[in-house]
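For reference, the structure discussed in these notes is given below.
Number of protein chains: 2
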Amino acid sequence: MRKPKKERQRALTESINDNPFVTDDELSTKFDVSVQTIRLDRMELGIPELRERIKHVAVKTFEDEVKSLPIDEVIGEIIDIELDERAISIFDVKPEHVFQRNQIARGHHLFAQANSLAVAVMNDELALTVKSELQFLRPVTAGQRVVAKAQVVDRNPEKNRAYVKVVSSVDLATVFIGTFEMYRMTEQSEGDEK
Amino acid sequence: MRKPKKERQRALTESINDNPFVTDDELSTKFDVSVQTIRLDRMELGIPELRERIKHVAVKTFEDEVKSLPIDEVIGEIIDIELDERAISIFDVKPEHVFQRNQIARGHHLFAQANSLAVAVMNDELALTVKSELQFLRPVTAGQRVVAKAQVVDRNPEKNRAYVKVVSSVDLATVFIGTFEMYRMTEQSEGDEK
DNA sequence: CCGCTATTAGCACTTGGTACTAATATGAGT
DNA sequence: ACTCATATTAGTACCAAGTGCTAATAGCGG
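Those protein sequence lines, which keep their order, are chains L and B. Each residue of the first sequence is one higher than the one before, starting from 1 at the first, in UniProt numbering. Each residue of the second sequence is one higher than the one before, starting from 1 at the first, in UniProt numbering.
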């Protein structure tokens with residue numbers, strides 16, 4: 001026997017895990033057993049066939065892509081918006097957003113949500129942030145949902161500036177406050193949302 | 001004829017593009033032509049079969065995953081660091097970091113680089129950002145390399161605070177300035193809000 | 001009616017499997 | 001050594017979603 005069954009199955013799981021694209025045939029050569037043995041192993045371990053494995057990976061990507069496209073331009077999901085006035089977005093903090101050590105969300109994600117919202121609330125796709133002041137009041141952890149509310153507090157049409165205040169909260173407790181001085185890039189605004 | 005060939009092929013490309021998981025059979029039903037016609041179309045258009053399409057998507061994800069893991073904890077690459085004193089990181093602005101409309105880098109990426117660097121320069125893995133003031137002085141575009149320099153400017157050990165100033169520049173021109181009030185979590189600080 | 005393109009049909013073959021049955025090995029217990 | 005159980009191997013039929021190839025037919029313009 002080349003390897004005890006248990007050990008082979010462990011190694012098999014590992015192999016497939018770090019290269020899902022490997023066929024039963026390749027595996028049978030690698031472990032020097034028959035293809036059937038590999039298949040029995042996969043069945044016992046509940047590992048699907050190559051095509052299904054690939055499909056899963058692909059579906060995951062595809063969903064991610066679909067999901068990340070809207071996210072691309074706005075971090076968090078906008079649930080309410082009144083152009084030039086106010087907007088609200090929610091952002092679910094996931095494990096990838098936090099420091100591994102303490103599970104606290106990294107500041108730039110809160111900033112990204114708030115800044116995106118500030119850009120979005122401007123009636124101008126080409127708005128840029130000029131200045132900003134931030135306060136991180138309470139740490140946010142994975143699993144929490146951050147609700148950001150943006151309000152346009154002031155405007156200065158001559159200078160093409162607008163001032164936006166964003167307050168983010170988790171369960172009604174404020175966790176973050178940001179003020180943003182925004183610059184409008186379009187020419188003089190004639191009046192209506194396009 | 002249900003549709004001119006050209007139009008069908010255009011629609012076919014589109015269909016496959018926004019759902020790569022569709023089979024020839026499904027497509028033949030959809031366009032009300034035979035499977036063979038669909039296959040001829042794919043050949044003319046150079047569109048690979050379903051399995052190959054799925055594989056491509058999967059391979060892409062797989063590579064992306066491997067690539068994105070190391071980037072996880074620090075945005076930008078730290079090229080020099082003296083703990084509690086100063087640090088330098090570089091960040092290459094790529095197409096995914098900019099607004100599609102005007103190719104200008106989204107503010108949160110510059111913030112993320114600066115904030116990450118501020119966290120890193122603290123001799124404390126668990127540092128948190130408390131307050132921050134930002135100035136976006138000049139727009140940064142895709143293809144440019146942003147060099148961020150962080151400097152610890154002040155400390156307040158009793159309050160577990162430190163103040164970090166980060167200046168980011170492209171080709172020696174300052175594009176961004178941020179000041180960060182950081183909170184150290186280590187030491188024996190008992191008053192930790194969870 | 002000829003010629004041309006477009007479409008459809010049919011068959012053999014390919015990959016990477018599943019499902020199932022049956023034979024053989026191997027080792028442990030008694 | 002004999003027996004039983006588990007492990008392994010072999011072999012067959014079948015499937016999905018194709019490719020590759022040949023051949024037939026449809027539709028239309030001139």
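We put the beta carbon where it would ideally sit given N, CA and C, even for glycine. Model, not experiment: these values are computed from the prediction.
Anything in chain L within Cβ reach of residue i, meaning under 7 Å, just list it in chain order.
i	result
Ile78(B)	Those within 7 Å of Ile78(B) in chain L number zero; the least Cβ separation is about 15 Å.
Val153(B)	Here the premise fails: no neighbours, minimum Cβ distance about 17 Å.
Ile54(B)	Ile54, Lys55, Ala58
Phe111(B)	His108, Phe111
What residues from chain B crowd round residue i, counting only those whose CB sits closer than 9 Å?
i	result
Thr23(L)	Neighbours of Thr23(L) on chain B: none; closest Cβ ~12 Å, over 9 Å.
Helix, strand or coil for residue i, going by three-state DSSP, please let me know.
i	result
residue 244(L)	In the structure as shown, chain L begins at 1 and stops at 194. Residue 244(L) is therefore absent and cannot be evaluated.
Lys6(L)	helix
Phe31(L)	helix
Lys67(L)	Because Lys67(L) sits at a pLDDT of 42, beneath the cut-off of 50, its placement in the model cannot be relied upon, and the point is left open.
Gly76(L)	coil
Gln103(B)	coil
Ile16(B)	helix
Glu187(B)	Because the pLDDT of Glu187(B) is 48, which lies under 50, any placement of that residue in the model is unreliable, and the question is left without a value.
Leu128(B)	strand
Val57(B)	helix
Ser169(L)	strand
Ile38(L)	helix
Val140(L)	coil
Val121(L)	helix
Phe21(L)	coil
In the DSSP assignment, the beta strand (DSSP E) including residue i goes from what residue to what residue?
i	result
Glu181(L)	173 to 183
Ile88(B)	86 to 92
Val153(L)	145 to 156
Quick one: which chain B residues come within Cβ less than 8 Å of residue i?
i	result
Thr13(L)	Those within 8 Å of Thr13(L) in chain B number zero; the least Cβ separation is about 17 Å.
Phe62(L)	Pro20, Phe21, Val57
Ile38(L)	Within chain B, no residue comes near Ile38(L); the closest Cβ sits about 21 Å away, beyond 8 Å.
Ile75(L)	His108
residue 220(L)	The requested residue 220(L) does not occur in the structure, where chain L is confined to residues 1 to 194.
Arg42(L)	Those do not exist, as Arg42(L) stays about 18 Å from chain B at its closest Cβ, beyond 8 Å.
If the cut is a Cβ gap below 8 Å, which residues of chain L does residue i touch?
i	result
Phe136(B)	Leu128, Thr129, Val130, Lys131, Ser132
Asn102(B)	Leu126, Met185
residue 206(B)	It is not possible to answer for residue 206(B), since the shown part of chain B is limited to 1 through 194.
Among all the DSSP beta bridges, which residues are the ones paired with residue i?
i	result
Arg51(L)	According to DSSP, Arg51(L) bridges with nothing at all.
Ala162(B)	Arg155(B), Met182(B)
Val98(B)	Ala105(B)
Glu82(B)	Arg86(B)
Could you work out which residues of chain B lie near residue i, taking near to mean beta carbons separated by less than 7 Å?
i	result
Asn17(L)	Here the premise fails: no neighbours, minimum Cβ distance about 12 Å.
Arg8(L)	What Arg8(L) touches in chain B: nothing, since even the nearest Cβ is about 24 Å away.
How about residue i: is its Cβ closer than 7 Å to a heavy atom in the ligand FMN?
i	result
Ser132(B)	Ligands in the displayed structure: none, and consequently the ligand FMN is not present.
Using a Cβ-Cβ cutoff of 7 Å, what residues of the stretch 118 to 129 of chain B are near chain L? List them in chain order. Per Cβ criterion, the list reads Glu125, Leu126, Leu128, Thr129.
Closer than 7 Å between beta carbons: that is the criterion. Which residues of the stretch 155 to 173 of chain L meet it against chain B? The stretch 155 to 173 of chain L vs chain B, Cβ under 7 Å: nothing.
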